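As structure tokens, the structure follows; a few thoughts come after it.
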Ligand SMILES: *Cc1c(COP(=O)(O)O)cnc(C)c1O
């Protein structure tokens, strides 16, 4: 990130820090397809401990993490997974659970807060007794934080409740926890407690956590043993992967959508003005802008961005002000030390 630029487009834009590059250079590595890479092994053990699960597996992407998890839980043909209609797994993973895995998606409406109504989840469950006509539910997927719902956090109470439902019906629970650390920090709940009810969790390392590549999935030892074979099947067995594991790093922030309620302001215009002030953000729709915080965004970047937002809104509503030009120049200089 160029100094003085506040880049809120996504947390996937983070570049590896000096410390990460040094760790990559120094990493002790071996062939991880044989399970022999000591850096990968240590990292996986550490992630399993942090997440409160028996075992962990490094995967190249969050998409593969979710796919491998769904396939590990739904290893009988004719399986169905209950998942949110606005979920990442359903909308943004190229349909992999069906096209590659033969798993049937049963969508339940996502509420604006990222949950699915528990009554609707229960109503969607299909048991094997009528299997002549329908697929059999084997898995429920939650997403925490929920990206498409503006980074909303699912509470530990809600997660536990869905876990109880899953257990009562003999189903597994998977959490797409691409940004689960954001939820943990925002809710003030330790991450292992937050995902206690889940049989598996997939966590992105390259989002808010700022690592250059990869995700981890966690779960029981039996789940990870299955997942390792599926990862290999999908072409995700990696050799000296310790180089990537060494870069995985912890630093957490939040993900936000900004909704524009004033009809005189379009997200395109607002973004143009902000971009000129070195605050980078992308429109999500004509009335919504996506803002993503990550570990390379400092408190003073946030302060500067907030000031620019206020001034940009003023400018759009009243016509340009010289004061804004003035202030933005000063603030850019001030924030360029970060
Ligand atoms: C980014 C993301 C993923 C997938 O991660 P990739 O590494 O881009 O494949 C999965 N779920 C959510 C909620 C995400 O934001």
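In the UniProt record's numbering, the protein residues as written are 1 to 338.
Glycine included, every Cβ here is placed at the ideal spot set by N, Cα and C.
Here the structure is a predicted model, which means the values were calculated and not measured.
So, residue 260 versus residue 315, is the Cβ gap smaller than 8 Å?
-> For this step, residue 260 is matched to residue 260 along the chain shown. For this step, residue 315 is matched to residue 315 along the chain shown. No. Outside cutoff.
Check whether the stretch 73-80 touches the stretch 95-107, counting contact only when three or more Cβ pairs, one atom from each stretch, lie closer than 8 Å.
-> yes
By Cβ distance, which residues of its chain are closer than 6 Å to residue 178, with the 5 residues on each side in sequence left out?
-> Locating residue 178 in the chain shown gives position 178, counting from the first residue. Closer than 6 Å at Cβ, skipping near neighbours: 62, 204 and 207.
For residue 133, does the count of other Cβ atoms within 10 angstroms reach 16, so buried, or fall short, so exposed?
-> Taking the chain shown and counting its residues from 1, one reaches residue 133 at position 133. With fewer than 16 Cβ atoms within 10 Å of its Cβ, residue 133 is classed as exposed.
Run the proximity test for residue 176: is its beta-carbon closer than 7 Å to any non-hydrogen atom belonging to ligand 1?
-> Here residue 176 corresponds to residue number 176 of the chain shown, with the count starting at 1. Residue 176: yes, Cβ under 7 Å from ligand 1.
Thinking C-alpha only, which one of 66, 54, 53 and 171 is nearest residue 128?
-> Residue mapping note: residue 128 aligns to position 128 of the chain shown, counting from 1. Comparing Cα-Cα distances from residue 128 to each of 66, 54, 53 and 171, the minimum goes to 171.
What residues match up with residue 136 in a beta bridge as DSSP calls it?
-> Against the chain shown, residue 136 aligns to sequence position 136. In the DSSP output, where bridge partners are listed per residue, residue 136 has 79.
Pair every Cβ in the stretch 142-159 with every Cβ in the stretch 19-35, then say whether three or more of these pairs are closer than 8 Å.
-> no
Three or more C-beta pairs below 8 Å linking the stretch 141-152 and the stretch 48-60 | no
What is the C-beta distance between residue 202 and residue 65, in whole angstroms, given that I count them as a contact (C-beta under 8 Å)?
-> Sequence index remark: in the chain shown, residue 202 carries index 202 (1-based). Sequence index remark: in the chain shown, residue 65 carries index 65 (1-based). Indeed, because the Cβ distance is near 3 Å, the residues count as touching under 8 Å.
Of the listed residues 118, 126 and 238, nearest to residue 347 (C-alpha basis) = No information on residue 347 is available, as it lies outside the stretch 1 to 338 that the chain covers here.
For my contact list, residue 216 and residue 58 are in at a C-beta cut-off of 8 Å; report their separation, rounded to the angstrom.
-> Position 216 of the chain shown, counted from the first residue, corresponds to residue 216. Position 58 of the chain shown, counted from the first residue, corresponds to residue 58. The pair is a contact, with the Cβ atoms about 6 Å apart (cut-off 8 Å).
Quick one: measure Cβ to Cβ for residue 9 and residue 292, integer angstroms, because I've assumed they're closer than 8 Å.
-> Working through the chain shown from its first residue, we reach residue 9 at position 9. Working through the chain shown from its first residue, we reach residue 292 at position 292. Rounded, the Cβ-Cβ distance is 7 Å, consistent with contact.
Cα-Cα separation, residue 187 to residue 152 | Translated into positions along the chain shown, residue 187 becomes position 187. Translated into positions along the chain shown, residue 152 becomes position 152. If you take the alpha carbons of residue 187 and residue 152, they lie about 10 Å apart.
Distance between residue 15 and residue 246 (C-alpha atoms, nearest Å) = If you number the chain shown from 1, residue 246 lands on position 246. If you number the chain shown from 1, residue 15 lands on position 15. Rounded to whole angstroms, residue 246 to residue 15 spans 14 Å at the Cα level.
Which residues in the same chain have their Cβ closer than 6 Å to the Cβ of residue 67, if we skip the five residues on either side of it in sequence?
-> Stepping through the chain shown from its first residue, residue 67 is reached at position 67. Here the set comprises 96.
Do you know how far the Cα of residue 283 is from the Cα of residue 309?
-> Within the chain shown, numbered from 1, the residue matching residue 309 stands at position 309. Within the chain shown, numbered from 1, the residue matching residue 283 stands at position 283. Going from the Cα of residue 309 to the Cα of residue 283 covers about 14 Å.
Through-space distance from residue 210 to residue 253, alpha-carbon basis = Position 253 of the chain shown, counted from the start, is the residue given in the question as residue 253. Position 210 of the chain shown, counted from the start, is the residue given in the question as residue 210. Its pLDDT being 29, under 50, residue 253 is placed unreliably in this model, and the coordinates cannot settle the point.
Please report how far the alpha carbon of residue 69 lies from the alpha carbon of residue 227, in whole angstroms.
-> The residue you call residue 69 lines up with position 69 of the chain shown. The residue you call residue 227 lines up with position 227 of the chain shown. Each residue's Cα considered, the two are about 7 Å apart.
What did DSSP end up calling residue 228 once you bin it into helix, strand or coil?
-> Here residue 228 refers to the residue found at position 228 when the chain shown is read from its first residue. Reduced to three states, the DSSP call for residue 228 is helix.
Taking the alpha-carbon positions, what's the residue 107 to residue 124 distance?
-> Taking the first residue of the chain shown as position 1, residue 107 is located at position 107. Taking the first residue of the chain shown as position 1, residue 124 is located at position 124. Their Cα atoms are separated by approximately 8 Å.
Return yes when the C-beta of residue 143 is under 7 Å from any heavy atom of ligand 1, and no when it is not.
-> As a position in the chain shown, residue 143 is number 143, starting the count at 1. Residue 143 Cβ: within cutoff of ligand 1.
Check each candidate in 193, 137, 7 and 248 and name the one with the smallest Cα separation from residue 81.
-> Against the chain shown, residue 81 aligns to sequence position 81. For residue 81, the nearest C-alpha among the options comes from 137.
Consult DSSP for residue 116 and reduce its assignment to one of helix, strand or coil.
-> For this step, residue 116 is matched to residue 116 along the chain shown. Residue 116 falls in the strand class under three-state DSSP.
Helix, strand or coil at residue 311 [DSSP, three-state] = Against the chain shown, residue 311 aligns to sequence position 311. Helix at residue 311.
In terms of alpha-carbon separation, which member of 79, 114, 300 and 44 lies closest to residue 135?
-> Position 135 of the chain shown, counting from 1, holds the residue named residue 135. Closest by alpha carbon: 79.
Any heavy atom of ligand 1 within a distance shorter than 7 Å of the CB on residue 107?
-> In the chain shown, residue 107 corresponds to position 107, counting from 1. Every heavy atom of ligand 1 is 7 Å or more from the Cβ of residue 107, so no.
Beta carbon of residue 307: closer than 7 Å to some heavy atom of ligand 1?
-> Here residue 307 is taken as the residue at index 307 of the chain shown, counted from 1. No, since every heavy atom of ligand 1 falls outside the 7 Å radius drawn around the Cβ of residue 307.
First and last residue of the alpha helix (DSSP H) that includes residue 145?
-> Here residue 145 refers to the residue found at position 145 when the chain shown is read from its first residue. Note, residue 145: premise wrong, no alpha helix (DSSP H); not H, not E.
Buried versus exposed call for residue 276 [16 or more other C-beta atoms within 10 Å across all chains shown] = As a working mapping, residue 276 is identified with position 276 in the chain shown. With fewer than 16 Cβ atoms within 10 Å of its Cβ, residue 276 is classed as exposed.
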